[in-house]
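The listed protein sequences derive, respectively, from chains S and P. Our numbering numbers the first residue of the first sequence as 1 and each following residue consecutively. Our numbering numbers the first residue of the second sequence as 1 and each following residue consecutively. For every residue, glycine included, the Cβ atom is placed at its ideal position computed from N, Cα and C.
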Amino acid sequence: MSARTSGPGRKTLASVERLSFRYPDSARAAVRDVTLEVGEGEVVLLAGPSGCGKSTLLRCINGLIPHMYHGEYQGRVVVGGLEVAKTPMSTLSENVGFLFQNPENQIFMFSVERDVAFGLQNLSVPREEMRTRVDEAMRLLGVSNLATRAPHELSDGQKQRTALAGVVAMRPRLVILDEPTSLLDPKTALEVAELIGRLNRELGITFIIVEHRLELLVPLAHRLVVMEGGSKVLDGAPEEVLSDPRVESYGVNVPPISRLYTSLARDGIRLPRNPSTPEELAQEINDL
Amino acid sequence: MTLIEFRDVSYVHPGGAAALSGVSLAVESGETVAVVGENGAGKTTLVRHTNGLLRPTSGSVTVGGVDTRKTTAAALSRRVGVAFQNPDHQIFSESVESEVTFAMKNFGFDDALVSRRLDWALNFFGLEEYRRSSPLVLSGGEKKRLTLACILAWDPEVVVLDEPTVGQDALQKEKLAQILGMLRSAGKTVILVSHDVEFLWPIQPRLVVMSGGRVVADGEMATIMSDRGLLEGARVTQPQLLRTYAGLSRRPARPFLDVLGARDWVSGLRPREGEG
């Protein structure tokens, strides 16, 4: 057990209960009988092959399904005590922040500052309060010095940080990220990953993240959930799930250090634990 | 034989921003070259010069000895197939099938060949079930595969892939690695633009590192990736297996290139459990 593992002490923030969803023009359900509990303050990674239903599940949690996308919906999703299907999007958005893969789809105002404030304006937050929250979010995400810049002048990493600041300004309890680092260069991606870790530790924000580049996010995640064919097939602490012999057959991009750990175990060499960083693995090998 | 040559190439965007400055680079026929570097370093601008989509503001680019300024993008694209980073910039047909056959028909391939190549490409990339669907219904990862299918179907001499692993799961990445192996043994020239150092590491391509529109390093991947100062400046990270290697107190002379190599070396360190 690592210190990051979610314990029984956590309060449930989001729960998905026996959820199934089928899009109208599709023969089979995109999500099939999925049950998932996410605790307050957890970072949950969601992985699986393309078309496994990850994005559909995210849409069910943030309310895009069933409010925007209609279809055959069974089961229940509850976030922060509100049943998603029965709560208007505007109320949900006070609890759940959502960030697309491509910040271009999210950033559209004339300045970084205006962009960060956009969601709050829609909620008619008083001016003073808005100022405080926007400043705080820009400071946390390191974009204060860009406040008056136009979004098109920003680098990709700055755009992603601006989009994230807009989400954080809403002070959501849960933030859902769909491949937040896939378009970023390795160093910028690492910085965004570290930022997610900080927001989780310092503000207690809960994250559900779909990401193919697991090596970046495993070090800060409490749980890894794997889906296939619309169903949840694996769910546990990342080091446990990544040690599961089936994990690669589900199309999960198992980080090289975890693959090495597992293949050593198959060779009869048991290292103390599935490492989350290469330096940790090197230490375990040095200690052999 | 040098197939693609950049000679002191600079490119200035119409708006006035310099995207490439003094780039010289010669790609040999049959080579696999990977271009890495931070967002905005000029990687995409560089590869857009290989098929005439962009032409240098100064300096020259030649493909098979032909100056790209003296030929058409259409003629160049028969030799150089480029799969863009964002598939939405490339996909325009009404169906997956017509998307794949479009270029082949333009190049005047006969019907039997077009249909054989189409079947192969759809099957290979797992897109058969979408043959008659609109490309718009595909997921991001599937669209990305469609752009690869389109290019490999017409079998160009040079294959340029801009961020091919984005949004791809492990199974698709493995398939992509297989394709790269096939292209290599078929003697094709491959240019990859990628942030995915973990994907590139076992392939060990020739590595070109770009920063601020310039080529700052060009050579063997294992050597370049060991230069931490250089990587820091170019905002490129080290692959996990190399970081593991660097942290070992005893280690082999050369870094591990893949998980199997690393396993074999570590296994040799001590007797297996149950044998002592």
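Cβ-Cβ separation between glutamate 179 (chain S) and glycine 167 (chain P): approximately 7 Å, consistent with a contact (criterion under 8 Å). Classified as buried, valine 100 (chain P) has 16 or more neighbouring CB atoms from the shown chains inside 10 Å of its CB. Per the DSSP secondary-structure output, leucine 20 (chain P) pairs in a beta bridge with P:Tyr11. Contact of alanine 75 (chain P) with chain S is not assigned, every C-beta pair being separated by 8 Å or more.
When the alpha-carbon of arginine 48 (chain P) is set against those of P:Lys143, P:Val158 and P:Ser139, the nearest one is in P:Val158.
One finds Leu184, Asp185, Pro186 and Ala189 in chain S with Cβ atoms closer than 8 Å to the Cβ of histidine 195 (chain P), taken in chain order.
Beta-bridge pairing by DSSP links lysine 232 (chain S) to S:Met227. Among the CB atoms of chain S, one or more fall inside 8 Å of the CB of glycine 167 (chain P). A Cβ-Cβ separation of about 19 Å leaves threonine 132 (chain S) out of contact with arginine 173 (chain S) under the 8 Å criterion.
Residue ranges of uninterrupted alpha helix (DSSP H) with 4 or more members, entirely inside the segment 82–170 of chain S and ordered along the chain, are 89–92, 112–122, 127–140 and 156–169. Separation of valine 82 (chain P) and valine 61 (chain P) (C-alpha to C-alpha, rounded to the nearest whole angstrom) is 16 Å.
Against glutamate 198 (chain P), the close residues of chain S are Glu215 and Pro256, in the order they occur along the chain (beta-carbon pairs closer than 7 Å). The criterion of a C-beta distance shorter than 8 Å is not satisfied by phenylalanine 6 (chain P) and serine 29 (chain P).
Within chain P, no C-beta atom comes less than 9 Å from the C-beta of histidine 70 (chain S); the nearest is roughly 16 Å away. Assignment of beta-bridge partners to glycine 81 (chain P) by DSSP yields P:Val159. By the criterion of at least three beta-carbon pairs nearer than 8 Å, the segment 186–197 of chain S is not in contact with the segment 222–230 of chain S. Neighbourhood of alanine 262 (chain P) in chain S, by CB distance below 7 Å: Leu260, in chain order.
Spanning the alpha carbons of glutamine 158 (chain S) and leucine 207 (chain P) requires a straight line of approximately 27 Å. DSSP places methionine 68 (chain S) in no beta strand (DSSP E); its state is neither H nor E. Shortest Cα-Cα distance from glutamate 202 (chain S) to any of S:Ala30, S:Glu279 and S:Ala137 involves S:Ala137. Between the beta-carbon of leucine 127 (chain P) and that of leucine 146 (chain P) there is about 6 Å, and that keeps the pair under the 8 Å contact cut. Closer than 8 Å to the CB of valine 252 (chain S) there is at least one CB belonging to chain P.
In this structure, valine 12 (chain P) sits near alanine 18 (chain P), with a CB-CB distance shorter than 8 Å. No residue range can be given for isoleucine 269 (chain S), since it is assigned to no beta strand (DSSP E) and is classified by DSSP as neither H nor E. Using beta-carbon distances, alanine 282 (chain S) counts as an interface residue toward chain P, with a partner under 8 Å.
Listed in chain order, the non-local C-beta contacts of valine 233 (chain S) below 7 Å within the same chain comprise Val226, Met227 and Tyr250, local neighbours out to five positions each way being set aside.
Proximity of chain S to glycine 40 (chain P) at the Cβ level (cut-off 8 Å) is accounted for by Ser155 and Asp156, in chain order.
Counted as a single uninterrupted DSSP element, the stretch harbouring arginine 48 (chain P) is not any alpha helix (DSSP H), since DSSP gives it neither H nor E. Around the beta carbon of glutamate 153 (chain S), fewer than 16 other beta carbons sit within 10 angstroms, so the residue counts as exposed. Along the segment 228–240 of chain P, the positions whose C-beta sits under 9 Å from a C-beta of chain S are Leu231, Glu232, Ala234, Arg235, Val236, Thr237, Gln238, Pro239 and Gln240, read in chain order.
Straight-line measurement puts the Cα of valine 160 (chain P) at about 31 Å from the Cα of glycine 53 (chain S). Residues Glu94 and Ser95 of the same chain have their beta carbon placed closer than 7 Å to that of serine 134 (chain P), with the five preceding and five following residues left out of the count. When S:Ser50, S:Glu279, S:Thr87 and S:Glu17 are compared, the shortest CA-CA separation from valine 252 (chain S) is found for S:Ser50. For the segment 37–64 of chain S, residues whose beta-carbon sits nearer than 9 Å to a beta-carbon of chain P comprise Ala47, Gly48, Pro49, Ser50, Gly51, Cys52 and Ser55. Within the model, the alpha-carbon separation for aspartate 155 (chain P) versus leucine 148 (chain P) is close to 11 Å. Taking the Cα of histidine 212 (chain S) as reference, the smallest distance to any Cα among P:Ser58, P:Thr165, P:Thr45 and P:Thr72 is reached at P:Thr165.
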